[in-house]
Amino acid sequence: MTTTAERGPVRQGRRRALGLITGLGALGLAIPWPRRPSQARPVQRLPSLREADYYRPHELAG
Amino acid sequence: MSAVTCELCPRGCVIPEGGAGDCRIRVNLGGRLRATTYGRPSAVHIDPMEKKPLYHFLPGTPVFSIATAGCNLHCLNCQNWQLSQRGGEEMEQVYRLDPPELIRAAKAEGCRSIAYTYSDPVVFYEYVYDSAELARQEGLANCFVTAAYINQHPLRQLCRLLDAANADLKAFDDGFYRQVNGATLKPVLDALVTMREEGVWLEVTNLVIPTLNDDPAVIRRLARWVRAELGAQTPLHFSRFQPQYRMRNLPPTPVETLDRARREAQDAGLEHVYVGNVLGHAGNSTYCPRDGTLLIGRVGFMITDYALTADGRCPSCNERVPGVWRSADLSGDRR
């Protein structure tokens with residue numbers, strides 16, 4: 003059940019967040035995330051040949 | 059004729075030579091099973107921890123988040139189907155980030171943790187394991203965001219290296235798992251209990267889909283199971299469904315349905331029940347379970363208020379709120 007105690011501060015928080023977003027927008031700043039790390043660069047497709055850890059030879063029944 | 063049986067997840071795929079498992083990325087080459095996306099993620103982002111969602115784990119910090127192609131579930135409503143329902147060779151972008159480079163990149167970006175996420179990290183297990191081991195050595199935390207469809211032995215081995223997990227519990231209904239996800243319920247429940255037993259900080263997410271898993275009786279059973287098996291202090295997130303992939307015929311979840319689910323879970327005795335994917339909802343925030351004080355206010359992924367004390371207590375009544383609030387709270391070899 004949402005209580006009055008929950009609603010009050012959250013409304014304040016929402017107002018504060020909207021103010022922050024508006025403020026950042028006014029300054030021409032982007033919201034900080036999600037973002038892509040600068041080090042990661044796409045490469046050619048290079049399938050890895052790392053052997054898997056959990057498997058066994060399949061045995062036929064009978 | 060050198061078929062192999064994959065023992066990583068409950069599917070137990072029998073894979074003929076040259077073939078791939080149901081996940082598309084574990085391939086039998088010459089009688090040896092290969093993890094073809096090892097060190098080759100197709101999604102690399104820096105996200106807020108709140109996006110995972112992990113609300114009681116290093117709040118407000120950036121987490122270096124990766125995924126490779128492939129998945130061992132086939133959810134009709136998958137929100138990352140372009141990644142999860144493809145093999146590595148079908149991806150438009152592939153990055154080369156072997157574990158050492160991954161750790162270096164995460165540290166260079168100022169992240170204190172790595173999340174294995176987006177598709178299902180179970181299928182790129184070896185990449186997760188080796189990266190998590192290195193991350194631990196370098197003082198980074200490991201977060202696992204998963205549907206938890208994994209066998210017990212590999213899970214227990216991995217849990218030694220995990221600090222936090224958000225696990226989907228898609229419905230407390232085996233029929234739903236079979237129909238919507240192409241999986242089964244029991245192994246998921248067992249995996250959640252194992253993560254809890256192994257000391258991984260665990261939060262649970264239930265995506266509420268209109269008409270399919272929104273029955274109050276099913277929600278009540280789910281919440282009671284979480285309380286009984288994982289504990290009353292386990293955070294439970296009810297997320298709003300948005301129509302996508304092969305489930306565009308259903309509407310977004312009404313907010314009233316999420317409110318009702320939250321009340322059911324609170325009535326079942328859970329102390330921290332959240333509503334997700336609804337911007338500005340009161341259920342985005344954390345409250346003291348004893349006196350109702352707002353402890354962490356959130357709007358979307360942003361933190362708007364933070365009132366917890368440094369040691370994770372309510373400033374009004376001193377109630378200890380469970381979670382990992384600072385890196386220093388990571389215990390023993392999890393630090």
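Line by line, the protein sequences are chains G and V. Per my numbering, the very first residue in the first sequence carries number 3; after that it's consecutive. Per my numbering, the very first residue in the second sequence carries number 59; after that it's consecutive. Glycine included, every Cβ here is placed at the ideal spot set by N, Cα and C. None of the values given here were measured: they were computed from a predicted structure.
Item                                                                                                                 : Value
Rounded straight-line distance, which links the Cα of residue 352(V) to that of residue 6(G)                         : For residue 6(G), the predicted structure reports a pLDDT of 37, less than 50, and the residue's modelled location is therefore unreliable. A value from the coordinates is still provided. Computed Cα separation, rounded: 11 Å.
Chain-ordered chain V contacts of residue 63(G) [CB-CB under 9 Å]                                                    : The premise fails here: residue 63(G) is roughly 11 Å from chain V at the closest Cβ pair, so nothing lies under 9 Å.
Residue-chain proximity (residue 336(V), chain G), Cβ-Cβ < 8 Å                                                       : no
In DSSP terms, what residue 64(V) is bridged to                                                                      : 57(G)
As assigned by DSSP and simplified to three states, the class of residue 211(V)                                      : helix
Contact list for the segment 141-158 of chain V against chain G, Cβ threshold 7 Å                                    : 146, 147, 151, 152, 153, 154 and 155
Within chain G, partners of residue 63(V) - CB distance below 9 Å                                                    : 57, 58, 59, 60 and 61
Residue 266(V) vs residue 316(V) beta-carbon contact at 8 Å                                                          : yes
Given 8 Å, three or more beta-carbon pairs between the segment 333-351 of chain V and the segment 369-388 of chain V : yes
Collapsed DSSP secondary structure at residue 32(G) in the structure displayed                                       : With a pLDDT of 47 at residue 32(G), under the threshold of 50, the modelled position of that residue is not reliable, and no figure is offered here.
Spatial distance of residue 198(V) from residue 319(V) (CA atoms)                                                    : 35 Å
Neighbour flag for residue 91(V) against chain G, beta carbons, 8 Å                                                  : yes
Within 8 Å, strictly: CB atoms of residue 204(V) and residue 125(V)                                                  : no
DSSP three-state assignment for residue 182(V), whether helix, strand or coil                                        : helix
9 Å Cβ cut-off: residues of chain G touching residue 216(V)                                                          : Going along chain G, no residue has its Cβ under 9 Å from residue 216(V), so there is no contact; the nearest lies around 10 Å.
Span separating the alpha-carbon of residue 378(V) from that of residue 132(V)                                       : 40 Å
Beta-carbon proximity of residue 302(V) to residue 143(V), cut-off 8 Å                                               : no
Of the listed residues 62(G), 54(G) and 38(G), nearest to residue 90(V) (C-alpha basis)                              : 54(G)
Whole-angstrom distance between residue 226(V) and residue 66(V), CA atom to CA atom                                 : 18 Å
Pick from 220(V), 170(V) and 61(V) that is closest to residue 260(V), judged by C-alpha positions                    : 220(V)
Three-state class that DSSP yields for residue 161(V) in the structure shown                                         : helix
Beta carbon proximity, residue 111(V) to chain G, threshold 8 Å                                                      : no
Any chain G beta carbon closer than 8 Å to residue 184(V)                                                            : yes
Beta-bridge pairing of residue 264(V) - partner residues as DSSP gives them                                          : 296(V)
Cutoff 8 Å; reference residue 167(V); Cβ partners in own chain excluding five residues on either side                : 104, 120 and 122
Minimum Cβ-Cβ distance from residue 245(V) to chain G less than 8 Å                                                  : no
Rounded distance between the beta-carbons of residue 111(V) and residue 224(V), thought under 8 Å                    : 6 Å
Through-space distance from residue 149(V) to residue 246(V), alpha-carbon basis                                     : 28 Å
Closest by C-alpha distance to residue 237(V), when choosing among 134(V), 295(V), 99(V) and 85(V)                   : 134(V)
Cβ contact check for the segment 322-330 of chain V and the segment 289-298 of chain V: 3 or more pairs under 8 Å    : yes
Chain G residues whose Cβ lies nearer than 9 Å to that of residue 60(V)                                              : 59 and 60
Residue 283(V) (DSSP reduced to helix, strand or coil)                                                               : helix
Residues near residue 356(V) by beta carbon distance below 7 Å, same chain, minus five either side                   : 108, 342, 343 and 362
Same chain only: Cβ atoms within 7 Å of residue 234(V), ignoring 5 sequence neighbours per side                      : 228, 270 and 271
Cα-Cα separation between residue 73(V) and residue 62(G), rounded to whole angstroms                                 : 13 Å
Start and end residues, beta strand (DSSP E) containing residue 321(V)                                               : Here residue 321(V) belongs to no beta strand (DSSP E); instead the alpha helix (DSSP H) covers 313-325.
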